[in-house]
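Q: Here's a structure for you.
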Amino acid sequence: MTIPGSDTNFRFSDILYYIVLPILIGLIFFVEDTVFKISAIVLAVVYSGFIINNFLNRRKHTRFEVDEKVVQEVMSPTLNEETMAEPKAPRPLSEVDEGFSVLNRNAKHFGDIIDESNILIAGSVRTPIRPPDLKKKYEEIANEEYPEHVRENEQFPFVLEKILSVIKDAYEAHTAIFFFYNRKEKMLAIKKYVSNSKDILDIKYDLLGGILTKIVTDGEPELLSEIVPSSETDNIIYYKAPQKIKCFVGVPVFHKNNLIGILAIDSLVQDRYGIEHIYSLGKYVRLITILISLFEEKYTESTAKRRLSGFVNFIDPMLSYNYEADIVNSIERIVHNFIEFNAFSLVYYQPVQKKFFTLKVVNKISTLEYIPENFEVELKDTLVGKCINAGIPLKLSDTSNNQFKRFGKKENVKYDGSFLAVPLIFNNMTFGVLCFDHVKKGVYSPDDVNFLRGASNLLAFSIYYLSTTVLIKSFISIDTVTKLLNKKTFRERAVDDHVRVLTLKIPAALALIKIDDHQNDETLFDVNPGSKIVETVADVLREEINPFITVGITDENEFGVFIFNMTSSDAQIWADKLRLKIARTPVPLVSKQITTTVSIGVASANKPKFEEVFNNARQALYNAVKNGGNKVRNVN
């Protein structure tokens, strides 16, 4: 007997097989003898086990065959009308084949059989479509470089933005945001954010209440899982308009045991975040603080290296400074390594006028007006004047609220940001002031002030050294390098000698001697031969000195000789002998010897004015030099 629609084929013997169990159960209730009851219970349990085992064996040995045609019809995206009209009846079990087949939609990936070569991929999930520009886009993301013109202290916000982007995607947040806490001003400011909204209010926030204020005050994480619309604007204050925020998580960020900021995320879905997300955000906070330490250490090292390089570049040529312009230009170069600024001015004291003027001005932002050079600084009711009078640095974090002018009442400075002035003081004398302007507010720190205070001592000493050296040289008539009369003294002596010549009516001549252009290449001579050549020529000239000859310096690599009681023709002959003598005199260098040549211009001194004599000699020298040099020319 077969039961339609069933998966089991019942026969009459099966009915007898299953009817024994009800008989045993009936004996339990109707027999009063205890022994028979216990025996009936045991037999009923054992017989139940046989029935269950027999049923499972029949299910196990019943095989099914999947009709491939039916499967194809089911898998097909469209069904034909015949299939829709007359569904086929299932085949009887008597007609089912003994075997079975496994259908796999991924068979094309590993062939018809599963073996050692494809066992790992058999039955796996179908491989997604690989876009052709996958590698290119990945490399663009993974190898993204810092934006151009980003200084080392500005690299952390770039990295922070990438971390916030990861947090936003990982937590399915509407906004991931990082606030910086200013302990001095007791205000919060947005450092970076990544958001689906364009209504972020990027301003400074006072601690006037709300969830952010509570995080700062308590220093503890906060979770709002159900934000009602009426309280959204009171707690979520960093949007310009309500965003229907339903959930918020904010955690404090500590660095060196000080609260420096808040990391927060929000969502438009209620109960999106829980306590576990606070713990999870703590890991990102730790990552951020580690990066802050690394960037801080890197910036400190690079800043120290840059400042040291500036000092070396200033100190190395300090002994060779001969003029005020040399040291002013050197200061202007090295301050770029000391501190950040958009505008710089060197205020310098002029002893003749007994006033302070802007001697050097640098303005990096041409669209913003700044003071010009040689601008007179007023000492009364100005920031620089207060710095000079007090003799200590002056620092303002926001000049927009300042009532005083920087340099004078007539200035037209358009900078509204940070201002720093450091006086150059040595031996109780103020030589000037270093002034820095920046468009950003609160840029300069106490560390910057302390560093510039120390650096200004060295700069002031260098100015003092130069001014003292110039003063001492003004009382000395001999050049320290050539041991000849210096330029000023030779000029004075030559003028006096010219007066004597005119008074005594005796012949005289003036000769100007210039060293010809020589190979000034250290790669050829191991050292720069310029100074050695000047010393050698000066030694030859000193040998020519007698009571009738005055020798001194007239210019760089140029000498003057005033000769008594000698006509210009005789002076030309003497000059030619001198030219040959110099050409034959070797110039000793480190590992070799070289020679040099000179050009000489001679002019008669029998003119009413010395300037005319000097100009004639200069013209003769020009004639000797213009055709290659190593010649003597005369102008009568």
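Numbering (our numbering), first residue to last: 581 to 1216. Backbone N, C-alpha and C define an ideal beta-carbon position, used for all residues, glycine too.
Going by beta-carbon coordinates alone, are residue 759 and residue 771 separated by less than 8 Å?
A: Yes, Cβ-Cβ distance for residue 759 and residue 771 is below 8 Å.
Q: Could you round the C-beta distance between residue 1220 and residue 868 to whole angstroms and report it? I think they count as a contact, below 8 Å.
A: Absent from the model: residue 1220. The displayed extent of the chain is 581 to 1216, so no value can be given.
Q: Please report the straight-line C-alpha distance between residue 889 and residue 970, rounded to a whole angstrom.
A: Going by the C-alpha atoms only, they are around 31 Å apart.
Q: Which partner residues of residue 614 appear in the DSSP bridge assignment?
A: In the DSSP output, where bridge partners are listed per residue, residue 614 has none listed.
Q: Return yes when the Cβ of residue 801 is within less than 8 Å of the Cβ of residue 1236, no when it is not.
A: The chain is shown only over 581 to 1216; residue 1236 falls outside these bounds and no answer can be derived.
Q: Do you know how far the Cα of residue 1211 is from the Cα of residue 1095?
A: If I take the Cα positions, the gap works out to 11 Å.
Q: Could you give the C-beta distance for residue 1214 and residue 1193, rounded to a whole number, given that I count them as a contact under 8 Å?
A: Between residue 1193 and residue 1214 the Cβ distance is about 13 Å, and since that is not below 8 Å, they are no contact.
Q: Straight-line CA distance for residue 634 to residue 628?
A: Spanning the two alpha carbons is a distance of roughly 10 Å.
Q: Is it the case that the segment 1061-1070 contacts the segment 1118-1136, given that we only count it when at least three CB pairs across the two stretches are under 8 Å?
A: Counting Cβ pairs under 8 Å, three or more are found: they touch.
Q: Between the beta-carbon of residue 909 and the beta-carbon of residue 923, is there less than 8 Å?
A: Result no, Cβ atoms of residue 909 and residue 923 do not sit closer than 8 Å.
Q: My understanding is that residue 953 touches residue 941, with C-beta atoms under 8 Å, so please give their C-beta distance in whole angstroms.
A: With 8 Å as the limit, residue 953 and residue 941 qualify as a contact, their Cβ atoms being about 5 Å apart.
Q: Can at least three beta-carbon pairs, one atom from the segment 1167-1175 and one from the segment 1139-1159, be found at a separation below 8 Å?
A: Judged by Cβ distances under 8 Å, the segment 1167-1175 makes no contact with the segment 1139-1159, as fewer than three pairs qualify.
Q: List in chain order: all unbroken beta strand (DSSP E) runs of 3+ residues lying wholly within the segment 717-794.
A: Counting only runs of 3 or more, we get 755-762, 767-775 and 784-786.
Q: Since residue 949 and residue 1019 are thought to touch, with beta carbons under 8 Å apart, how far apart are those beta carbons, to the nearest angstrom?
A: The pair is not a contact, with the Cβ atoms about 13 Å apart (cut-off 8 Å).
Q: I need the DSSP call for residue 805, collapsed to helix, strand or coil.
A: Residue 805: coil per DSSP, three-state reduction.
Q: Would you kindly work out how many angstroms separate the C-alpha atoms of residue 1129 and residue 913, rounded to a whole number?
A: C-alpha separation (whole angstroms): 45 Å.
Q: Indicate the three-state DSSP secondary structure (helix, strand or coil) for residue 602 in the structure shown.
A: Three-state DSSP puts residue 602 in a helix.
Q: Is it the case that the CB of residue 761 approaches a heavy atom of the ligand ADP more closely than 7 Å?
A: The model depicted lacks the ligand ADP and carries no ligand whatsoever.
Q: How many angstroms separate the CA atom of residue 710 from the CA atom of residue 718?
A: Roughly 13 Å between the two C-alpha positions.
Q: Give, in chain order, every unbroken run of the beta strand (DSSP E) that is at least 3 residues long and sits entirely within the segment 1161-1211.
A: Listed in chain order, the complete beta strand (DSSP E) runs (minimum 3 residues) inside the segment 1161-1211 are 1178-1184.
Q: With distances taken between CB atoms, is the gap from residue 927 to residue 1012 smaller than 8 Å?
A: Cβ distance < 8 Å, so residue 927 and residue 1012 count as in contact.
Q: Determine the direct distance from the alpha carbon of residue 631 to that of residue 601, and round the result to whole angstroms.
A: Rounded to whole angstroms, residue 601 to residue 631 spans 9 Å at the Cα level.
Q: What three-state label does DSSP hand residue 977 in the structure shown?
A: Here residue 977 sits in coil by DSSP.
Q: Return the CA-CA distance between residue 714 and residue 750, expressed in angstroms with no decimal places.
A: C-alpha separation (whole angstroms): 21 Å.
Q: For a test of the three-state rule: what should DSSP assign to residue 904, helix, strand or coil?
A: It is helical.
Q: Helix, strand or coil, according to DSSP, for residue 1033 in the structure here?
A: Helix at residue 1033.
Q: Keeping to the same chain, check which residues put their C-beta closer than 7 Å to that of residue 679; ignore five residues upstream and five downstream.
A: Low confidence applies here, because residue 679 scores a pLDDT of 45, under 50, leaving its location unreliable and the question unanswered by this model.
Q: Under 6 Å Cβ to Cβ from residue 1202, same chain only, skipping five residues before and after it: list those, please.
A: Result list for residue 1202: empty, nothing under 6 Å.
Q: Would residue 1162 pass as a contact of residue 1151 if the rule is Cβ separation under 8 Å?
A: In this structure, residue 1151 does not lie closer than 8 Å to residue 1162 by Cβ.
Q: Residues bridged to residue 940 by DSSP?
A: Paired residue(s): 926.
Q: Measuring CA to CA, which of 864, 958, 1003 and 1007 is closest to residue 985?
A: Of the candidates 864, 958, 1003 and 1007, the one whose C-alpha sits nearest the C-alpha of residue 985 is 958.
Q: At which residues does the alpha helix (DSSP H) containing residue 1111 begin and terminate?
A: Element bounds for residue 1111: 1110-1124.
Q: Short check: CB of residue 848 to CB of residue 820, under 8 Å?
A: Not a contact, by the Cβ cut-off of 8 Å.
Q: Nearest by alpha-carbon distance to residue 916: which of 929, 885, 934 and 937 is it?
A: For residue 916, the nearest C-alpha among the options comes from 885.
Q: Rounded to whole angstroms, what's the CA-CA distance from residue 688 to residue 745? Just pull it up for me.
A: Its pLDDT being 49, under 50, residue 688 is placed unreliably in this model, and the value from its coordinates should be taken loosely. The alpha-carbon atoms of residue 688 and residue 745 are separated by roughly 40 Å.
Q: Around the C-beta of residue 809, are 16 or more other C-beta atoms found within 10 angstroms, so that it is buried, or is it exposed?
A: Residue 809 should be labelled exposed.
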